[in-house]
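Below is one structure, written out as structure tokens; the observations come after it.
Residue numbers (this note's numbering): 240 to 299.
Listed below in structure tokens is the structure:
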């Protein structure tokens, strides 16, 4: 979810679908790792947008 006028790398909400192995729990360590991955991907959003504009990423 974005806010008009706010940078796209700072969304109001970000969601992740996580598939856990049997018996694993969504503990603080796992939650922290999920946050790290999301933050890392958001940090690269400008590069993604440039590649999209240049046609380097297919949208279909």
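From the three backbone atoms N, C-alpha and C, an ideal C-beta is built for every residue, glycine too. Please read these numbers as outputs of a predicted model, since none were measured by experiment.
- Put simply, the backbone Cα of residue 267 is about 16 Å away from that of residue 258.
- Nearest neighbour of residue 275 by Cα position, chosen from 254, 242 and 247, turns out to be 254.
- C-alpha of residue 269 to C-alpha of residue 252: approximately 19 Å in a straight line.
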